[in-house]
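One structure is given here, and the rest of the page talks about it.
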Amino acid sequence: MNFPTIKKFSTQALTILLLSELAAVITGPPGSADAPWSGVQGSITQKTSFFGLFIVGRWIFFYAIGIACYVVALSLRKVNSKTSALKTFRSSYNSITDNKYFKPLALVAVAILAILLPTIISDPFWRQAMVSQIAVFILLALGLNVVVGFAGLLDLGFVAFYAVGAYATAWCTGALPMPPIFGSHINPFFTIPIAIGLAMVSGVILGIPTLRLRGDYLAIVTLGFGEIITLFANNLTGVTGGAQGTKQIPHFSLHLGPLKYIWGLDPAPYYYLVIGFVIFFIFIFFSLEHSRVGRAWTAIREDEVAAESLGINPLKYKVMAFAIGAASAGFAGVMTAAQSNYLTPATFTLYLSINILVLVIFGGMGSIFGVVFGAIVIQTITMYLIHSPPAGYQAQDLYIYIGALLVIMMIFRPAGLFPARRRHRADSDASRLEDSNV
Amino acid sequence: MSNLFEVSNVTLRFGGVVSLSDVSLHQKRGEILAVIGPNGAGKTSLFNSLTGVYQPQEGSITFIPKEGEPVSFIGKKPHVISDNGVARTFQASRMFNALTTFENVKIGAESHKGIGALGAIFRGPATRKDEKYSDARTWELLNFVGLRAKANHIASSLSYGERRRLEIARGLATNPEVLLLDEPAAGTNPSEKLELTDLIRKVRDEMGVSILLIEHDMKLVMSLAERLYVLNFGSVIAEGTPDEIRANQNVVNAYLGTTTRDAN
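Which chain is which? The protein sequence lines are R and C, in order. First residue of the first sequence? That's 1 in the working numbering, and the numbers climb one at a time after it. First residue of the second sequence? That's 1001 in the working numbering, and the numbers climb one at a time after it.
Shown next as structure tokens:
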């Protein structure tokens, strides 16, 4: 063994040691204010069972797992640099998804599953979660996908439109201190268009002054807008009910001529209503994506100066993206307010904005199927961790898990789980260039 | 021939830096006009002022369309200027890389249509008619520039020469009266250069689109342009036919150089 080999080997060993001990500390016992290092110390020195074989210190346990992972990764790479296991997996994955029968079959399977879901799931926690935490988040992700995925505008305050929709519902049904404009006995069905309309108007109001900014500047301004809406909800006690929020929002109901139906405590009817609107919004967003408007959005996203030189008014299309994206968030707000019967400003935090953004990035920016899938996967993981937490899990650990998932995603599928056709093409093109250089 | 562009006394400053100083020029309808000059002379700044990317502090830019009243371009946004019939290409090609060649051109062909979001969602007869028109127009232009075979290739996979032609097709798709070409031959090989020269002449002859050209390749400029302006340090130092420019001592000193080898 010559010196460079030893150096390389020890560097790798040290890297694995540091990473695995980091994992040990993250998953270890919490510290205390009196002994700040006790958590770190305990994470490393505590005894743990090595898969029931023998008892070792945690640091050895994690180091062993780290080395095992490294060896597995190395062996996968060593099979053949051209046809590594990862690439084989990738190409087989692509050959499945590129099959022309894949899409229709998958759609039918998903539709059947979606219809049967309320009859399959009996656990009350999951019945509730599938509406308020999964279906509603699909709507939010679809809306943000229009803004971030199609038009390429980073919106960190998307939760504002969700809040507008929810508060509009409370307002129309007379649950806010501010008296409703149409009297308190408005047909509740009409809260949907009013809430969606108000969300879209707030999208336009936010959009016109801010969408002149680009990139990071826009992100900061939208972040501010999200905070402004939360602060309004918190402090305008006479209008929104303040930090206490508002109660007694009636369940959603429908009185249209002979039709009369009240959505009650059972989540299943809500589920079907939301899924109906999910399909409605998917139809609209899909049509838009494959129209002149969608192409104009892509053009602005790819090169705003060139798009302008072709006669595309960037401000108009960006505001349109904001308003259209806000529509589905507004509807999500209606459903949340009507189903849970109460609202507090604490729901509409920056974390929620980021949460929605994660769904979009994970699923694949610009890909409708991708963001729906991403929303289902991430929200299901989130709900699972809340419902049956692993030992030692605390609520704030959620972001470690989601963060780790995103890091892995960014390494292996940076364009998301199901990359958008238009983005995917640019990526695969770049990878082809890479391959040809090798 | 009537004038197409009338630019008078345009001055463009960035803080203390004067990029264009008191530039006056005009272009006749149907003319291939070239602007040449050393690097940093203000050629691209002039283009950007004409297309609304930069706003000059002084002077006037008047565009005289085939039909209708003359329009002042000062204070107009780039997309409004495009609506008026001015198309351009960029020095470093700026295509929509994630889109196909076909989609790139189609965006140009449909950008002036009045179909809004509702029309896009509920494909009415008007929308379908527009789509049909822009598809046909796109194929026509791809044929014209010779990129039909590459219609379904992603724009970023094209060669430099093909990118230039794609940009020209995309600009033409907006049905312009004048096409502004910013160094169309940059990065192309000699045979592509010849093709490009033919294509530019064809654009003028067959489509009746006037050409305003910035170019460093003297061979191409001298064979193509009917009239030239020479810019140096933001000012026009000469104007005339290629032969006049070649003989102008100011231009030779500032730009062309003193040996014939450099001029080629």
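Where a beta carbon is used, it is the ideal one built from N, C-alpha and C, also for glycine.
If you draw a 10 Å sphere on the C-beta of R/C69, you find fewer than 16 other C-beta atoms in it, and that means exposed.
Using a C-beta cut-off of 8 Å, the region 1067–1074 of chain C makes no contact with the region 1136–1154 of chain C, since fewer than three inter-stretch Cβ pairs fall below that distance. Residue pairing of R/G66 in beta bridges, as defined by DSSP: absent, with no partner found. Contact with chain R is found for C/V1053, since one of that chain's Cβ atoms lies less than 8 Å from the residue's Cβ. The beta carbons of C/A1169 and C/L1147 sit closer together than 8 Å.
For R/D155, the secondary structure class from DSSP, reduced to helix, strand or coil, is coil. If one requires a minimum length of 4 residues, the alpha helix (DSSP H) runs lying completely within the region 334–406 of chain R are 350–363, 368–387, in chain order.
About 12 Å separates the beta carbons of C/F1005 and C/F1047, which is beyond the 8 Å limit, so they are not a contact pair. The region 1095–1102 of chain C and the region 1039–1057 of chain C do not touch, with fewer than 3 CB-CB distances between them shorter than 8 Å. Residue-level contact check: R/A306 touches chain C, since one or more beta carbons of chain C fall below 8 Å from its beta carbon. If only uninterrupted alpha helix (DSSP H) runs of at least 4 residues are considered, those enclosed by the region 233–321 of chain R are 237–240, 267–289, 292–302, 304–309.
Taking 8 Å as the threshold, the shortest C-beta distance from R/D303 to chain C falls below it. Check the Cα spacing between C/E1177 and each of C/I1200, C/N1250, C/M1207, C/L1158: the tightest is with C/M1207. Note that the C-beta distance between R/Q46 and R/R58 is below 8 Å. Residue state for C/I1214 is assigned as strand, using DSSP reduced to three classes. C/P1242 has its alpha-carbon roughly 15 Å from the corresponding atom of C/Q1027. DSSP places C/L1050 within a helical segment (H, G or I) once states are collapsed to three. Taking the beta carbon of C/I1211 as reference, no residue of chain R falls within 8 Å; the closest one sits roughly 16 Å away.
With fewer than three CB-CB distances shorter than 8 Å, the region 293–303 of chain R does not count as touching the region 93–111 of chain R.
Of the other Cβ atoms in all chains shown, 16 or more fall within 10 Å of the Cβ of C/S1082; this residue is therefore buried.
When C-beta distances to chain R are compared with 7 Å, every residue of the region 1189–1221 of chain C stays at or above that value. Annotation: Cβ neighbours of R/N313 in chain C (cutoff 7 Å, chain order): H1079. Residue burial annotation: R/S91 is exposed, with fewer than 16 other C-beta atoms found within 10 angstroms of its C-beta. Inclusion of C/D1182 and C/R1088 in the CB contact set at 8 Å is warranted, their separation being smaller than that value.
Scanning C/F1122, C/Q1091, C/R1013, C/G1085 for the CA closest to the CA of C/A1109 turns up C/G1085. Taken through DSSP and simplified to helix, strand or coil, R/T191 comes out as helix.
Taking a beta-carbon distance threshold of 8 Å, R/V110 does not count as an interface residue toward chain C. Our two residues, R/P180 and R/A337, have alpha carbons roughly 16 Å apart in a direct line. In this structure, C/L1179 is the residue among C/F1233, C/L1231, C/F1144, C/L1179 with its C-alpha nearest to the C-alpha of R/S309. For chain R, the residues of the region 1119–1132 of chain C that bring a beta carbon within less than 9 Å of one of its beta carbons are G1119, A1120, I1121, F1122, R1123, T1127, D1130, E1131, in chain order. The contact set of R/I284 on chain C, defined by CB atoms closer than 7 Å, consists of I1121 in chain order. Counting C-beta pairs closer than 8 Å gives fewer than three between the region 134–144 of chain R and the region 217–231 of chain R, which falls short of the contact rule.
With a cutoff of 8 Å on beta-carbon distance, R/F286 and R/G363 are scored as not near each other.
Counting C-beta pairs with one atom in each stretch, the region 401–420 of chain R and the region 1051–1058 of chain C have fewer than three that are closer than 8 Å, which means they do not touch. With its beta carbon at least 8 Å from every one in chain R, C/D1135 lies outside the interface. Rounded to whole angstroms, the separation of the alpha carbons of R/M130 and R/T119 is 12 Å.
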